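Participant: Okay, handing you the structure first.
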Amino acid sequence: MFGDRWPVAASYAELLATDGVTRGLIGPREAPRIWERHLYNCALLADLLVRDAEVCDIGSGAGLPGLVLAIRRPDLRVTLVEPLLRRTTFLSETVGRLGLDNVTVVRDRAENLHGTSTFDVVTSRAVAPLPRLLAWSLPLVRAGGSMLALKGASAREEVTNADAELRRWRVAATEVLEIDETDRHATVIVVKKR
């Protein structure tokens, strides 16, 4: 899945399982499942992105999915947006250690970037319920771009429950994608902006 980027992905997995746990970014029980539960499902998003896309990952936390996308797709320009200092410190250190020159770390809240920055794609993983996520993400998406939200089993229900909010934003299209690749799975809400 990571091809010649495997060594970089393995180094990131090691950082998550060690420093990530020590700093409270990943739970100790997650360390043995870093690949299956975290990295592989984030990596599946990479196939949804056009070449040379500018990506903003909001609520980046430990870098999921933003760092995984930057590792798997060095053509992408990825901005990690995270408000908490301890997380942005980890992200900045990780970007430096992995030599990811296609990543920028921004310590801020997504809504503070509204009106100043736009991107082809805005990603998130387990950040907030869909209505709140739309309000934080869509102002950052360029016309014709997309919001990609990694979600769990309740993704379809979230879309149904957010129908009024989606209409209010007058989005071009909304769909829930189930991406399956052998033993890897991701559920993604894709919202396309007009």
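Heads up, the sequence shown is in my numbering, so the first residue is 5 and it goes up one at a time. Using N, Cα and C, we set each Cβ at its ideal position, and we do this for glycine too. The model shown is predicted, which means the values in this text are computed figures rather than measured ones.
(1) Could you tell me which uninterrupted alpha helix (DSSP H) segments, each at least 4 residues in length, are contained entirely in the region 72-136, listed from first to last along the chain?
(2) Relative to the C-alpha of L52, which candidate in T127, N165 and T164 has its C-alpha closest?
(3) Indicate the three-state DSSP secondary structure (helix, strand or coil) for R146 in the structure shown.
(4) Which first and last residues belong to the alpha helix (DSSP H) in which T164 is found?
(5) With H, G and I counted as helix, E and B as strand and the rest as coil, what does DSSP make of L68?
(6) Identify, in the order they occur along the chain, each residue of the same chain with its Cβ nearer than 6 Å to the Cβ of A114, setting aside the five sequence neighbours on each side.
(7) Starting from M5, follow its DSSP beta bridges and name the residues at the other end.
(8) Rounded to whole angstroms, what is the Cα-Cα separation between G148 and F6?
(9) Can you tell me which residues form a DSSP beta bridge with A190?
Facilitator: Considering the structure as presented:
(1) If one requires a minimum length of 4 residues, the alpha helix (DSSP H) runs lying completely within the region 72-136 are 89-102, in chain order.
(2) The shortest Cα separation from L52 among T127, N165 and T164 belongs to T127.
(3) DSSP places R146 within a strand segment (E or B) once states are collapsed to three.
(4) Segment A159 to N165, the alpha helix (DSSP H) holding T164.
(5) L68: coil per DSSP, three-state reduction.
(6) Residues of the same chain with a CB within less than 6 Å of the CB of A114, apart from the 5 flanking positions on each side, are I62, V85 and W140 in chain order.
(7) Beta-bridge partners of M5 (DSSP): none assigned.
(8) Cα to Cα, the separation comes out at about 28 Å.
(9) Partner(s): I183.
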